[in-house]
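Here the protein sequences line up with chains H and Y, keeping their order.
Anchor point for the first sequence: position 268 equals 267 in numbering that gives the first Met the number 0, and the numbering is continuous, going up by one each time.
Anchor point for the second sequence: position 76 equals 75 in numbering that gives the first Met the number 0, and the numbering is continuous, going up by one each time.
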Amino acid sequence: MHDHDFDLIAAYADGTASAEEIDAARRAMATCAECSEEYTAQVNVLEVLRSAPAVVMTEMERHALHRSLAGSLPNPGRQVGWFSKYAPRVAAVAAGFAVVGLASVAMLGQFSGGDSAETMSLDSIAADLAGNSEERLEADMPTAEEAPTDAGSDGSFTDDMAMTQESATALPDAQDVLGYAMAFTSTDLEDLANGGDLEAFRLSRTDESEKLLTQCADELPEGHEIQATVLATYEELPAYIVVYSSGGDTVAAAYSSEDCTLLAEFVAPQ
Amino acid sequence: MTARAGEDLALIQRFVGGDRSAFDVLVRAHEDRVFSICLRVMANREAALDATQETFLTLYRKADRFTGTASFSTWLYRVAVNTCYDLLRKEKRRKADPLPEHHDPADATAADGFTSVELRPDLNRALSLLPDEFRAAVILSDLEDLPIAEIAEVLDIPAGTAKSRIFRGRRLLAQILRNHEGLTERPRNDQDA
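Quick look at the structure:
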């Protein structure tokens, strides 16, 4: 039996066959046991597939998605200008001072008998200093009325808001404070090696390039010329993403920002 | 153009023009469908969530590449399927050596921490054993109910090829299910697929 015949039977089974094909399929099934068997198999498997219930994302999963997106997407305000560039570090330093200061207050408080108010202040000050990505996402989110009708239930949106408000007082995670702007994938590196738009990936020749040169220069080939770098994540690991030219090739690579291990690279001839 | 497609087009234009809130609306509008496709392909909720996130990150970064020749949803589903393929390839590379018996369905689900309740476990196992190109075609056709023309656009193949992959995918699926106590047909030796 040929593939064509099986396709004919399959089309007959799922109702997409033309009138001519239906006649041909019926003739084939009348004279060919394997064709009848094929028809039964196709009908059975279609029944199984089409009776599968729809996938529903749970509210926990929805919240996790929004949270991780908020944490991974670059914040436009953070990417522009010197203040934005250094703001996370300033915030981290300021938070450090705040911790020391409040610890001193707490120690003094021990002598004066107070403690809970200081703990609350520490949380809120640190969150305020470092900024909370979920608060930003929430601010950017449309109201339930603005959302399209098939965008998911209004109830889920309310739930998300409640969870967001609940977590707004939590300390931001390290990734947020350190400002890892983007989560890179192998596809992105391939794009970059093949001349992808550096600006679209927030890559530029910055002080991160200098860090890379001092920390990971030994890993790069001799005669390389860095085009752009960014501190980001690759496969969820903190990484320097670097695009450089070497020996007539363009290379996009990810190096661990912890130990300069090469995590991945793509090479494209110039 | 459907109302949804028109709305998507307006949103993507607003987003490319710098309106970040339009991106959030797009996420809300498409997250369920994208997650569904990813879950069917990845057969693992956690991996599907990762793939969904990657898909929207790609949308964020590459929205300006959307030319409008296909509908936005078709373009987004293509990104989702390709993202899933990428993640599956990485997963295969990670697991390259230790399990030569990769056709053992029990191992396949256990190793992935399978927690889906949406599909019959035997169907999910059988789907996971299909070659990628057949699996995606069958999923988009029979589980996501997309028309052939859209499947062809999502998979970037001619409509005839899409049809053929769907038919062959179903045939393979039937064989796998038969071999693993699924359907009631007697086993047969069909090497044609």
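Note that CB positions come from ideal geometry on N, CA and C, so glycine has one too.
| query | result |
| --- | --- |
| Would DSSP call F14 of chain Y helix, strand or coil? | helix |
| List, from N- to C-terminal side, the alpha helix (DSSP H) runs of 4 residues or more that fit wholly inside the region 17-45 of chain Y. | 19-41 |
| Nearest chain H C-beta to R169 of chain Y closer than 8 Å, yes or no? | yes |
| I'd like to know whether the C-beta of M28 of chain H is nearer than 8 Å to at least one C-beta of chain Y. | no |
| Given a threshold of 16 other Cβ atoms within 10 Å of its Cβ, counted over all protein chains shown, does G17 of chain Y qualify as buried or as exposed? | exposed |
| Per DSSP, T249 of chain H forms a beta bridge with which residues? | H:S244, H:A267 |
| Tell me which same chain residues have a C-beta within less than 6 Å of the C-beta of G80 of chain H, skipping the five on either side of it? | The predicted model places G80 of chain H with a pLDDT of 34, which falls under 50 and marks its position as unreliable; any figure quoted below should be read in that light. Excluding sequence neighbours, G80 of chain H sits near nothing in its chain. |
| Where does the unbroken alpha helix (DSSP H) through A216 of chain H begin, and where does it stop? | Careful: A216 of chain H lies outside any alpha helix (DSSP H) and carries neither H nor E. |
| How do the region 25-38 of chain Y and the region 74-85 of chain Y stand: do at least 3 beta-carbon pairs fall below 8 Å, yes or no? | yes |
| Excluding five sequence neighbours on each side, which residues of the same chain lie with their C-beta closer than 8 Å to the C-beta of L129 of chain Y? | V137, G168, L171, L172, I175 |
| How would you label A116 of chain H, buried or exposed, when you count the other beta carbons within 10 angstroms and need 16 or more for buried? | With a pLDDT of 36 at A116 of chain H, under the threshold of 50, the modelled position of this residue cannot be trusted; read the value that follows with caution. Exposed, since its Cβ has fewer than 16 Cβ neighbours within 10 Å. |
| Distance, Cα to Cα, L211 of chain H vs M59 of chain H? | 38 Å |
| Using DSSP's beta-bridge definition, name the partner residues of L261 of chain H. | H:Y254 |
| If you drop the 5 nearest sequence neighbours on each side, which residues of the same chain put their C-beta closer than 7 Å to that of S35 of chain H? | M28 |
| Which two residues bound the contiguous alpha helix (DSSP H) that contains N178 of chain Y? | 158-178 |
| Could you give the distance in angstroms between the alpha-carbon of G130 of chain H and the alpha-carbon of R77 of chain Y? | With a pLDDT of 37 at G130 of chain H, under the threshold of 50, the modelled position of that residue is not reliable, and no figure is offered here. |
| Excluding sequence positions up to five away, which residues of its chain have a Cβ less than 7 Å from the Cβ of Q214 of chain H? | C259 |
| In the structure shown, what three-state DSSP assignment does L126 of chain Y receive? | helix |
| Ordered along the chain, which non-local residues of its own chain (more than five positions away) have a Cβ less than 8 Å from that of G222 of chain H? | S245, G246 |
| Measuring CA to CA, which of Y:R27, Y:P157, Y:S140, Y:A161 is closest to H62 of chain H? | Y:R27 |
| At least one CB of chain H closer than 8 Å to the CB of A46 of chain Y: is that the case? | no |
| Where does E235 of chain H land, buried or exposed, given buried means 16+ other C-beta within 10 angstroms? | exposed |
| Check F71 of chain Y in the structure and name its three-state DSSP category. | helix |
| Name, in chain order, the residues that DSSP records as bridge partners for L236 of chain H. | H:Y233 |
| Report the three-state DSSP secondary structure of F183 of chain H (helix, strand or coil). | strand |
| To the nearest angstrom, how far is the alpha carbon of L197 of chain H from that of Q12 of chain Y? | 21 Å |
| Nearest-angstrom Cα distance between A9 of chain H and D141 of chain Y? | 13 Å |
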